[in-house]
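In our numbering, the protein residues as written are 9 to 259.
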């Protein structure tokens, strides 16, 4: 099904081709989301992308504005639409879920209101830009990422208030996190040297090469010289770090 949204999902039409290979669902996050979805029979995944973190054994509807992403989704019920105009009657689903997508919505509050309208429970995984522990990549190499992320992510309390959420669960990022979004490689800095990995992150994809390439060259030099490892020896001993990622449950 194709619902006209009036906007082009340009970023994911561009970066989506290798998305499902790099962005492999992490079993620990999958388990946390699965607990929040427990008992649901009908689920709509808003901003579904390639289908990460969806539960098994339910009637699932995938919604995404990008055809490139929907083409990678394994489901049978797929709807091309934006979160702000979900083409379903009130109360159509037991749960509406949204995983690392709300920061892409042109009208966040409208999208969250639509999730509440079409479902009895809402589950949203997102990042809180007010959380103060930041990835070293921002301070030392690409402060432009901070500017971009803070411009598009809404403070967590806004999401919580809009959903009237009753539960907020932290998710510290494990050092071997398999879902290759930007934060995944906090203890594996050499991964950022791989252009394919960078391209699967919407943040990197929106920055011009004139900004990214010199920063990556500096990181490469620091890895060769051992400077990065000397600065971050403490990180190499850690199993996980809380970088502000949260699961919000409402309804």
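In this text, a Cβ means the ideal position worked out from N, Cα and C, and glycines have one as well.
Just so we're clear, the structure is a prediction, and the values are computed from it rather than from any experiment.
Residue i, DSSP secondary structure in three states
i: residue 135; result: strand
i: residue 255; result: strand
i: residue 128; result: strand
i: residue 118; result: helix
i: residue 108; result: coil
i: residue 217; result: helix
i: residue 102; result: strand
i: residue 199; result: helix
i: residue 248; result: strand
Distance, residue j Cα to residue i Cα
i: residue 215; j: residue 73; result: 21 Å
i: residue 102; j: residue 186; result: 28 Å
i: residue 205; j: residue 253; result: 20 Å
i: residue 77; j: residue 83; result: 12 Å
i: residue 220; j: residue 147; result: 14 Å
i: residue 149; j: residue 38; result: 31 Å
i: residue 194; j: residue 183; result: 7 Å
i: residue 167; j: residue 122; result: 13 Å
i: residue 235; j: residue 126; result: 52 Å
i: residue 132; j: residue 258; result: 9 Å
i: residue 53; j: residue 247; result: 30 Å
i: residue 22; j: residue 198; result: Caution applies to residue 22, whose pLDDT of 47 falls short of 50 and renders its modelled position unreliable; the model cannot decide the point.
i: residue 99; j: residue 128; result: 6 Å
i: residue 242; j: residue 86; result: 45 Å
i: residue 46; j: residue 66; result: 10 Å
i: residue 203; j: residue 113; result: 26 Å
Cβ-Cβ separation, residue j to residue i (assumed contact under 8 Å), whole Å
i: residue 136; j: residue 180; result: Actually they are not in contact, since the Cβ atoms of residue 136 and residue 180 sit about 13 Å apart, beyond 8 Å.
i: residue 81; j: residue 48; result: Their Cβ separation, rounded to whole angstroms, is 18 Å, which puts residue 81 and residue 48 out of contact at 8 Å.
i: residue 116; j: residue 162; result: 5 Å
i: residue 190; j: residue 209; result: 5 Å
i: residue 138; j: residue 164; result: 7 Å
Practice prompt. Kindly provide the ranges of any beta strand (DSSP E) runs that are 3 or more residues long and lie completely inside the stretch 27-96, ordered along the chain.
Written response: 50-54, 67-72, 86-88
Practice prompt. Decide yes or no for the touch test of the stretch 75-92 against the stretch 132-148: beta carbon pairs closer than 8 Å, at least 3 of them.
Written response: no
Worksheet item: Are three or more beta carbon pairs between the stretch 168-178 and the stretch 219-239 nearer than 8 Å?
Response: no
Discussion item. With a threshold of 8 Å, are at least 3 pairs of Cβ atoms found where one atom belongs to the stretch 106-116 and the other to the stretch 53-62?
Written reply: yes
Practice prompt. Entirely within the stretch 156-184 and at least 3 residues each: give me those beta strand (DSSP E) ranges in chain order.
Written response: 175-178
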